[in-house]
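Going by my numbering, the sequence shown opens with residue -15, and the numbers climb by one from there.
Think of the CB as a built atom: it goes at the ideal place given N, C-alpha and C, for glycine as much as any other residue.
Every value quoted in this text rests on a predicted model; they were computed, and no experiment measured them.
Right, one structure below, let's go through it.
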Amino acid sequence: MALKLNLKKDELISVAVEIGLEIPSKAKIIDLKKLIESSAVYKNDIEFVKSLVENALEKSKQEAEKNEREAEIQLEKIKLSQIEREEGIEKDSQSLESGEPSSITDKLESLVKSIKTLTIQVPVRSESFNLFFHSLEKTFQIKSVPDELKAEILLNILGERVNNLLTYVSQEDLSNCVKIKELILREFEPTPQECLSNFKKVRKLPSENYVQFASRLSATFDYYCQSRKVNEFRSLCDLIISDKIFETLDRDTMNHIATKQGRNIFQASTAWEGM
């Protein structure tokens, strides 16, 4: 009775090695199956081969269970570390509210470091600042960071990125976290054309799954729609049609239209008349 070798590549290699076969370089699954099935051991002692298959499957099962246990342990470690960091932030925040003046600076530095750990890194690309502020505000909210500390923490995290703001922003605005956020978004806000270009350039990262990739695509496209002030289906249709026509223009005309268009979109039914 023929034995079906419905095995993964590493399992087939394990069986072939136990039989004593030489594995060709760059061998594919179909090649490994043919190699085993054409061997003398397979033809003359099928029960032995069957036992090797069972052993290979059992080994794979044990390794999968081991990996699952290790993943669970690692996840628990991450959760524990997260809890410890969050408790540290809460403790630092409470200490800042009631601590001695001489220790406030040290505790603020500790709180800034903790907030940095829980927040995504300061973005290099301008279109990522919305995501950065979303992450930061979530950390502030969860950890109940006092409003009077938010601006100071934000400035410390941003560092060199806000050096130019310090030269023309009033002291009152520098103590207002919401105002600083508005100024930064205005300072680094990309043009609608840059937003569209960024959306088209998005590629799946090796470290992300397709759900994460789709979420990043959606966020990038949402940001583009916001830059065009598009918030309903009809205007979205106009935007898509406008962009499609825009791509057919020569460079000089594109630059002229982009300047005239600004952040608004041309209505598809009337904008391109006479072009």
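Q: Please report the Cβ distance between Leu(-11) and Lys34, rounded to the nearest whole angstrom; I am assuming they are in contact, meaning their Cβ atoms lie under 8 Å.
A: As a first step, residue -11 is located in the sequence shown; it is residue number 5 there, counting from the start. As a first step, residue 34 is located in the sequence shown; it is residue number 50 there, counting from the start. Contact between Leu(-11) and Lys34 is absent: CB atoms are separated by about 10 Å, not below the 8 Å threshold.
Q.
If you reduce the DSSP assignment to three classes, tell me which class Leu(-4) lands in.
A. Mapped onto the sequence shown, residue -4 falls at position 12. Note: Leu(-4) maps to helix in three-state DSSP.
**Q.** Backbone CA spacing between Arg53 and Lys63 [nearest angstrom]
**A.** Mapped onto the sequence shown, residue 53 falls at position 69. Mapped onto the sequence shown, residue 63 falls at position 79. If I take the Cα positions, the gap works out to 15 Å.
**Q.** Rounded straight-line distance, which links the Cα of Lys(-7) to that of Lys50
**A.** Working through the sequence shown from its first residue, we reach residue 50 at position 66. Working through the sequence shown from its first residue, we reach residue -7 at position 9. Roughly 20 Å between the two C-alpha positions.
Q. Val108 to Phe116, Cα distance in whole Å?
A. Indexing the sequence shown from 1 puts residue 108 at position 124. Indexing the sequence shown from 1 puts residue 116 at position 132. Distance between the alpha carbons of Val108 and Phe116: 11 Å.
**Q.** Alpha carbon of Lys165 to alpha carbon of Asp222, nearest angstrom
**A.** For the purposes of this step, residue 165 is taken as the residue at position 181 of the sequence shown. For the purposes of this step, residue 222 is taken as the residue at position 238 of the sequence shown. Approximately 31 Å, taken between the alpha carbons.
Q: Output the distance between the C-alpha atoms of Ile7 and Val(-1), rounded to the nearest integer angstrom.
A: The sequence position of residue 7 within the sequence shown is 23, counting from 1. The sequence position of residue -1 within the sequence shown is 15, counting from 1. Cα atoms of Ile7 and Val(-1): separation of roughly 11 Å, rounded to the nearest angstrom.
Q | Three-state secondary structure assigned by DSSP to Asn51 | A | Walking along the sequence shown from the start, residue 51 turns up at place 67. Correct three-state label for Asn51: helix.
Q.
In whole angstroms, give me the CA-to-CA distance for Leu(-13) and Gln58.
A. Within the sequence shown, numbered from 1, the residue matching residue -13 stands at position 3. Within the sequence shown, numbered from 1, the residue matching residue 58 stands at position 74. Roughly 39 Å between the two C-alpha positions.
Q) Beta-carbon separation of Phe261 and Phe205 under 8 Å? A) Lying before the first or after the last residue shown, residue 261 is absent from the chain, which here runs from -15 to 259.
Q.
Contact between the stretch 153 to 167 and the stretch 185 to 202 is defined here as three or more beta-carbon pairs at a separation below 8 Å; is this criterion met?
A. no
**Q.** When Val1, Pro176 and Tyr26 are compared against Phe230, the one with the closest alpha-carbon
**A.** On the sequence shown, position 246 is the one that residue 230 refers to. Answer by Cα proximity: Pro176.
Q: Buried or exposed for Lys10, please, with buried defined as at least 16 other CB atoms from any protein chain shown within 10 angstroms of its CB.
A: Mapped onto the sequence shown, residue 10 falls at position 26. Lys10 is exposed by the Cβ-count criterion.
(Q) For the alpha helix (DSSP H) containing Ala203, name the first residue and the last one. (A) Taking the first residue of the sequence shown as 1, we reach residue 203 at position 219. Counted as a single uninterrupted DSSP element, the alpha helix (DSSP H) harbouring Ala203 occupies residues Tyr194 to Ser211.
Q.
In whole angstroms, give me the CA-to-CA distance for Glu2 and Ser44.
A. Against the sequence shown, residue 2 aligns to sequence position 18. Against the sequence shown, residue 44 aligns to sequence position 60. So the alpha carbons of these two residues sit roughly 15 Å apart.
**Q.** Cβ-based burial, Glu(-5) [other Cβ within 10 Å; buried from 16]
**A.** Here residue -5 refers to the residue found at position 11 when the sequence shown is read from its first residue. Looking at its Cβ environment, which holds 16 or more other Cβ atoms inside 10 Å, Glu(-5) is buried.
Q: Thinking Ser23 and Leu5 are a contact (beta carbons under 8 Å), I'd like their distance in whole angstroms, please.
A: Looking up residue 23 in the sequence shown gives position 39. Looking up residue 5 in the sequence shown gives position 21. Their Cβ separation, rounded to whole angstroms, is 6 Å, which keeps Ser23 and Leu5 in contact under 8 Å.
**Q.** Top-ranked residue by Cα proximity to Ile14, from Asn28, Ile224 and Ile(-3)
**A.** Here residue 14 refers to the residue found at position 30 when the sequence shown is read from its first residue. Here the closest residue by C-alpha is Ile(-3).
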